[in-house]
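Presented below is the structure to which this report refers.
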Amino acid sequence: MGPPSLGQHLPSFNVVLFTFQVVVAIGVFLFAPEGSWEPSHASYTDSSGSLVLPPSTIPTASTSMPNNPLSPPVYVFYIWVPIYVFSGITVITDRFYPTYSFYLTSDDPSFLRQWFQLSCLANMSWVALDKWLSWVHMATFSLGVLWCTILPLYLFVVRHPTPRYSQAWVYYFCSEFSVRLYFGWLSAGFIFGLADVMQYLHAAYFGFNVYAVLLGTLLVLAFGTYVHGRDPVVGLVITWALIGFIFKHSTFPDDTQEVFEKLQAVAIVVTPVFPILMLIDSVQYVYVVHWKATRVPSSSNEYFKPFEFETTAEYGTV
C-alpha cells in the first residue's frame with residue numbers, strides 16, 4: 029500500500045487552518061490597537077494614506093461596521109457568529125463524518141477543499157486589514173477576494189441539491205448550510221464596504237440614486253439566487269440586513285439625513301417581499317407535491333398528474 033495522497037490529508041488540514049482563522053479573528057477583535065477603526069484626527073487621512081473628510085463628517089473606516097446611510101446597525105454583524113459556528117461544523121463533518129460532507133459528492137473533492145483553504149487565508153487577511161490596520165480600501169478589496177473564494181463552493185452546493193435520504197437535514201445543516209450563509213453575508217458585506225470606499229473616494233456622501241442602486245443590487249441577488257438556485261438562505265440573510273437597516277437610528281449631516289430616511293422607507297416596502305414570496309412558494313409546493321398529487325378523484329379511477337417544477341436544481345433544499 030502506497031503512502032496516502034495529499035488530498036487525503038486536506039480535511040485534517042482544513043480543520044487546523046480554520047481553527048487558526050478563528051484564533052486570528054478572536055485575537056484581532058480582542059487586541060486590536062485602540063482607535064484603529066477610526067480615521068486619523070490629525071491629518072484627516074485613513075491609515076492607508078488616502079485623504080478623507082474630517083471625522084465629524086465621515087464614517088469610521090471599517091468594512092465590518094461601516095457607517096454609511098445604507099449600512100445596518102452593529103448588531104446585524106453578529107451574524108458572523110453563526111457563520112463561524114456552522115463553518116466549523118462543516119470542516120469537522122468533512123474530517124470525521126465524510127458521509128455527510130458535500131465535498132464527497134464532487135468529482136474532485138480536493139479542488140473544492142483547496143478553495144476553502146484559500147477562503148481561510150483571505151478571511152485572515154481581511155480581518156487584519158480591516159480591524160487591525162483600518163486600511164478600508166485594501167480591506168474591501170480583500171473582502172472581494174474572500175467572496176471570490178467562496179463562490180465556487182456556493183455554485184457547487186446550489187447545483188448539487190441535498191441528497192434525499194432519511195437524514196438529509198444532517199447533510200444540509202452540517203455541511204452545505206455554512207457555505208450558503210457565508211456567501212450570502214459576504215455578498216451583503218461587500219456592498220456595504222463598497223459604499224464605504226466610494227464615500228472616501230468621493231470625499232462626501234452620495235445622493236439617493238447611488239445608494240438605491242446598491243440596495244437594488246442586494247435585492248437582485250436575493251431574488252436571483254432564489255429563482256435560479258432555489259436557495260432561500262441568501263435572501264434571508266439579506267432580509268436580516270434590511271431589517272436591521274429599517275430599525276437603524278443615525279444622524280447624518282445636511283441632505284444626507286433625508287436620503288437616509290428615504291432609503292429606510294424603501295426598505296420598509298421591499299423587505300417583506302422575499303419572505304412572503306418564499307412562504308407562498310413553500311405552501312404551493314406542499315399543496316401540489318405532497319397533497320394534490322396523492323389525491324384520487326371520487327368519480328374517477330385516474331390520479332391527478334403531479335405538478336413538476338422545471339428548474340435546474342431540485343426544490344426544497346432547506
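For the sequence shown, my numbering assigns the number 29 to the initial residue and increments by one for each residue that follows. Ideal Cβ positions, reconstructed from N, Cα and C, are used throughout, including at glycine.
Secondary structure of residue 42 (DSSP, three-state): helix.
Under the DSSP assignment, residue 111 falls in the alpha helix (DSSP H) whose first and last residues are 108-124.
Note that the C-beta distance between residue 177 and residue 221 is not below 8 Å. In this structure, DSSP gives residue 254 a helical state, which the three-state scheme calls helix. Spanning the alpha carbons of residue 180 and residue 97 requires a straight line of approximately 31 Å. Inclusion of residue 218 and residue 171 in the CB contact set at 8 Å is warranted, their separation being smaller than that value.
DSSP, reduced to helix, strand and coil, places residue 133 within a helical segment of the structure shown.
In this structure, the beta-carbon distance from residue 271 to residue 250 does not fall below 8 Å. Apart from the 5 residues on each side of it in sequence, residue 50 sits with its Cβ closer than 8 Å to the Cβ of 112, 116 in its chain, given in chain order. In this structure the region 250-261 lies against the region 291-311, because at least three pairs of beta carbons, one per stretch, are closer than 8 Å. In this chain, residue 159 is not harboured by any alpha helix (DSSP H), its DSSP state being neither H nor E. Remark: fewer than three beta-carbon pairs, one from each stretch, lie closer than 8 Å, so the region 149-160 and the region 125-136 are not flagged as touching.
In the displayed model, residue 290 falls within a helix according to three-state DSSP. In the three-state scheme derived from DSSP, where H, G and I count as helix and E and B as strand, residue 223 is classed as helix. If you look at residue 165, you'll find it in the alpha helix (DSSP H) that goes 164-187.
The residues 43, in chain order, have a CB closer than 7 Å to that of residue 120 in the same chain once the five nearest residues on each side in sequence are set aside. For residue 199, the uninterrupted alpha helix (DSSP H) run begins and ends at 196-199, by DSSP. Residue 280 sits in coil when the DSSP states are folded into three classes, being neither helix nor strand. Judged by DSSP in its simplified three-state form, residue 99 adopts coil rather than helix or strand. Between the alpha carbons of residue 285 and residue 233 lies a gap of roughly 10 Å. Residue 214 is positioned such that its CB atom lies no closer than 8 Å to that of residue 157. Rounded to whole angstroms, the gap between the alpha carbons of residue 295 and residue 245 is 13 Å.
If you ignore the 5 residues before and after residue 203, its C-beta comes within less than 6 Å of the C-beta of 118, 121, 128, 129, 130, all in its own chain and listed in chain order. For residue 267, the enclosing alpha helix (DSSP H) has its first and last residue at 260-274. In this structure, DSSP gives residue 234 a state outside helix and strand, which the three-state scheme calls coil. Of all alpha-carbon atoms in 110, 124, 57, the one lying nearest the alpha-carbon of residue 36 is that of 124. By the neighbour-count criterion, in which 16 or more other beta carbons inside 10 Å mark a residue as buried, residue 160 falls on the buried side. An exposed status is given to residue 282, since fewer than 16 other beta-carbon atoms sit within 10 Å of its beta-carbon. About 4 Å separates the CB atoms of residue 206 and residue 114; that is less than 8 Å, so the two are in contact.
Annotated three-state conformation of residue 303 is helix, per DSSP.
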